[in-house]
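Asks:
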Amino acid sequence: MDRPALPPPAALRSSPLHWVRRNLFSTWYNSLLTLLILAAAWTLVPGLAAWLVGHAVWSGDAAACRAEGAGACWAFVAEKWRFSLFGTYPVEQHWRPTLAMLLVVGLLLGSADRRLWGRPLLLLWPVVLLLAGLLMQGGVLGLETVPTYLWGGLPLTLGLSVVGLGLAFPLGVLLALGRTSAMPVFRALCTVYIELVRGVPLISILFMASVMIPLFLPQDVTVDKLLRAQIGLVLFAAAYLAEVVRGGLQAIPKGQVEAASALGLSYWQRTRMIVLPQALALVIPPLVNTFIGFFKDTSLVVIIGLLDLLGAAKSALTDPAWRGFYREAYLFVAVIYFIFCYALSRYSRHLEAQLSKGRRR
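Residue numbers are given in our numbering: position 115 of the sequence shown equals residue 996, and the series is strictly consecutive.
1. Tell me the DSSP secondary structure of V1164 in three-state form.
2. Tell me whether the beta-carbon of P1158 lies closer than 9 Å to the beta-carbon of E1233.
3. Please report the distance separating the alpha-carbon of A937 from that of Q1100.
4. For a test of the three-state rule: what should DSSP assign to V985, helix, strand or coil?
5. List in chain order: all unbroken alpha helix (DSSP H) runs of 4+ residues lying wholly within the stretch 1178-1234.
6. Counting only the same chain and skipping the five closest in sequence on each side, list residues whose C-beta sits under 8 Å from that of T1026.
7. So which of L966, L990 and T1072 has the shortest CA-CA distance to A1119?
8. Taking C-beta to C-beta, are A1049 and A1013 nearer than 9 Å?
9. Helix, strand or coil: how does DSSP classify V938 here?
10. Please report how far the alpha carbon of P1134 lies from the alpha carbon of A1140, in whole angstroms.
11. Rounded to whole angstroms, how far is the Cβ of A1057 from the Cβ of A959, which I believe are closer than 8 Å?
12. If you follow the alpha helix (DSSP H) that C1071 is in, where does it begin and where does it stop?
13. Would P1065 be called buried (16 or more neighbouring beta carbons within 10 Å of its own) or exposed?
14. Answer yes if the stretch 921-940 comes into contact with the stretch 1165-1184, meaning at least three C-beta pairs across the two stretches below 8 Å, and no otherwise.
15. Once the 5 residues before and after I1084 are set aside, which same chain residues still bring their CB inside 7 Å of it?
16. Let me know the secondary structure DSSP gives G1033 once reduced to three states.
17. Compute the Euclidean distance between the alpha carbons of L1022 and L1015, then round it to the nearest angstrom.
18. Which residue marks the beginning of the alpha helix (DSSP H) containing E1139, and which one marks its end?
19. In the DSSP output, what is C946 paired with across the bridge?
20. Does the count of Cβ pairs from the stretch 956-973 and the stretch 1203-1210 closer than 8 Å reach three?
21. Tell me whether Q1235 is buried or exposed, calling it buried when 16 or more other Cβ atoms sit within 10 Å of its Cβ.
22. Any contact of the stretch 1147-1161 with the stretch 1088-1097, i.e. 3+ C-beta pairs under 8 Å?
23. Measuring CB to CB, does G1045 end up less than 9 Å from T1179?
24. Output the distance between the C-alpha atoms of F1221 and L1144, rounded to the nearest integer angstrom.
25. Under 6 Å Cβ to Cβ from V1156, same chain only, skipping five residues before and after it: list those, please.
26. If you drop the 5 nearest sequence neighbours on each side, which residues of the same chain put their C-beta closer than 6 Å to that of V1115?
27. Examine the Cβ distances between the stretch 994-1009 and the stretch 927-946 and report whether three or more of them are shorter than 8 Å.
28. Assuming L1052 contacts L1187 (C-beta within less than 8 Å), just tell me the rounded distance between them.
29. Within 10 Å of its beta-carbon, does D994 have 16 or more other beta-carbons around it, so buried, or fewer, so exposed?
30. CB-CB under 8 Å to A1110, same chain, minus the five flanking residues each way: which ones, in chain order?
31. Could you give the first and the last residue of the continuous alpha helix (DSSP H) run that contains I912?
32. Spatial neighbours of L1191 within its chain, please: CB distance less than 6 Å, with the 5 preceding and 5 following residues excluded, ordered by chain position.
33. From P1001 to L990, what does the alpha carbon distance come to, in whole angstroms?
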């Protein structure tokens, strides 16, 4: 009887040659695709590298960038990076949004460590966000007041994203629980809200929040434009997060819920200790996908007059001396978006692997 072939030695399996053969030339069509990609890279990469680095203009004025044979105009980024990052925020006060961003990013990094998860971290969130808001707004501790219509750039994008998701996530969980509830009234209300919001573009919701909210308020009551945009973003994100969480809730076996009820646990006890932890662990990939999409969708606030990161970079191009260097501006913004989105994606994969250890066979 023929015996099956033994696997290659471990040293051979970990060799670069074995990785190339297994991943790039495992079949004839994989080999063809690899060769086509290599041919395209051979054709495109030298010219792209020459434009990005070789012939790039790193300093000087716009005239140097428009000289014959000049490549990427990184002098534009060097000249306009402050405006792109901070928008119309007063230049002499840029240390305040910088410190506010460092506080928020530090809070996010601390929250990524599972050893710090607990009630103290939960209580630290509103404290840090309030401190970051006071730094941006001013008016206390001798800080000059900066109205919200001057906020812009990366601090505005981070603020809208972090605060928006921080408020939308618990609201989305409640909506998901309401839609799966056995009580018809709550289920109907949550279903109507979710389907109504998901059926309307975010641009429409932002316009409604910017235009319609003041109509329902007394004449002497005004709501800040940034606050109106934040409310619209929270309501929009909550509907999408609710559907993601509902998918996780439906994946939990009913036997676990029945066993928890048999043990005498109340609805909120079994939901908090048994159902939600498992449901959220199951839907980490779509949750993070929604987070990343929401982070990028904040660029739509430009339509109601708020300059986020992308809007500030586009506004920098209106300078007559630097018109036409849109590729460098968009590439600069794209790198910033990629850093945040890729970091979130990598952390979600790590968290998913950690939380799925108990389900592995």
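Ideal Cβ positions, reconstructed from N, Cα and C, are used throughout, including at glycine. Just so you know, these numbers come straight off a predicted model, no measurement behind them.
Replies: Reading from the atomic positions:
1. In the sequence shown, residue 1164 corresponds to position 283, counting from 1. Of the three classes helix, strand and coil, the one that applies to V1164 here is coil, per DSSP.
2. Taking the first residue of the sequence shown as 1, we reach residue 1158 at position 277. Taking the first residue of the sequence shown as 1, we reach residue 1233 at position 352. Not closer than 9 Å, so no.
3. Position 56 of the sequence shown, counted from the start, is the residue given in the question as residue 937. Position 219 of the sequence shown, counted from the start, is the residue given in the question as residue 1100. As the crow flies, the alpha-carbon of A937 is around 55 Å from that of Q1100.
4. Your numbering for residue 985 matches position 104 in the sequence shown. Of the three classes helix, strand and coil, the one that applies to V985 here is helix, per DSSP.
5. 1190-1197
6. Position 145 of the sequence shown, counted from the start, is the residue given in the question as residue 1026. Answer for T1026: Q1018, G1019 and G1020, listed in chain order.
7. Indexing the sequence shown from 1 puts residue 1119 at position 238. Minimum Cα distance to A1119 is reached at T1072.
8. Residue mapping note: residue 1049 aligns to position 168 of the sequence shown, counting from 1. Residue mapping note: residue 1013 aligns to position 132 of the sequence shown, counting from 1. No, Cβ-Cβ distance for A1049 and A1013 is not below 9 Å.
9. For the purposes of this step, residue 938 is identified with residue 57 of the sequence shown, where counting begins at 1. The answer is strand: DSSP assigns V938 an E or B state.
10. Counted from its first residue, the sequence shown places residue 1134 at position 253. Counted from its first residue, the sequence shown places residue 1140 at position 259. Inter-residue distance for P1134 and A1140 is about 10 Å (C-alpha atoms, whole angstroms).
11. Taking the sequence shown and counting its residues from 1, the one referred to as residue 1057 is at position 176. Taking the sequence shown and counting its residues from 1, the one referred to as residue 959 is at position 78. About 47 Å; that fails the 8 Å criterion.
12. Sequence index remark: in the sequence shown, residue 1071 carries index 190 (1-based). Looking at the DSSP string, the run of the alpha helix (DSSP H) that includes C1071 is P1065 to R1079.
13. As a working note, residue 1065 is residue 184 in the sequence shown. Exposed, by the Cβ-count rule.
14. no
15. Counting from one through the sequence shown, the residue named residue 1084 turns up at place 203. These residues qualify, in order along the chain: L1181 and I1184.
16. The residue labelled residue 1033 in the question sits at position 152 within the sequence shown. G1033: strand per DSSP, three-state reduction.
17. Translated into the one-based positions of the sequence shown, residue 1022 becomes position 141. Translated into the one-based positions of the sequence shown, residue 1015 becomes position 134. Distance between the alpha carbons of L1022 and L1015: 10 Å.
18. Locating residue 1139 in the sequence shown gives position 258, counting from the first residue. Secondary structure note for E1139: its alpha helix (DSSP H) is the uninterrupted segment K1135 to A1143.
19. The residue you call residue 946 lines up with position 65 of the sequence shown. Paired residues: none, contrary to the question.
20. yes
21. Reading the sequence shown from its first residue, position 354 is the one you call residue 1235. Here Q1235 is exposed, its C-beta having fewer than 16 other C-beta atoms within 10 Å.
22. no
23. Translated into the one-based positions of the sequence shown, residue 1045 becomes position 164. Translated into the one-based positions of the sequence shown, residue 1179 becomes position 298. Closer than 9 Å, so yes.
24. If you number the sequence shown from 1, residue 1221 lands on position 340. If you number the sequence shown from 1, residue 1144 lands on position 263. Whole-angstrom Cα-Cα distance: 44 Å.
25. The residue you call residue 1156 lines up with position 275 of the sequence shown. Result list for V1156: I1133, in chain order.
26. Taking the first residue of the sequence shown as position 1, residue 1115 is located at position 234. So the list reads G1045, L1048 and A1049, once near-sequence residues are dropped.
27. no
28. Numbered from 1 along the sequence shown, position 171 holds the residue referred to as residue 1052. Numbered from 1 along the sequence shown, position 306 holds the residue referred to as residue 1187. L1052 to L1187, Cβ: 22 Å. No contact.
29. Position 113 of the sequence shown, counting from 1, holds the residue named residue 994. Exposed.
30. For the purposes of this step, residue 1110 is identified with residue 229 of the sequence shown, where counting begins at 1. If we look at A1110 and ignore the five residues flanking it on each side, its Cβ neighbours are L1041, L1087, A1090, S1091, V1182, I1185 and L1187.
31. The residue labelled residue 912 in the question sits at position 31 within the sequence shown. Here residue 912 turns out to be Ser, not Ile, going by the sequence shown. Its alpha helix (DSSP H) spans residues W909 to A930.
32. Counting from one through the sequence shown, the residue named residue 1191 turns up at place 310. For L1191, where only same-chain residues beyond five positions count, the Cβ hits under 6 Å are S1180 and V1214.
33. As a first step, residue 1001 is located in the sequence shown; it is residue number 120 there, counting from the start. As a first step, residue 990 is located in the sequence shown; it is residue number 109 there, counting from the start. Each residue's Cα considered, the two are about 15 Å apart.
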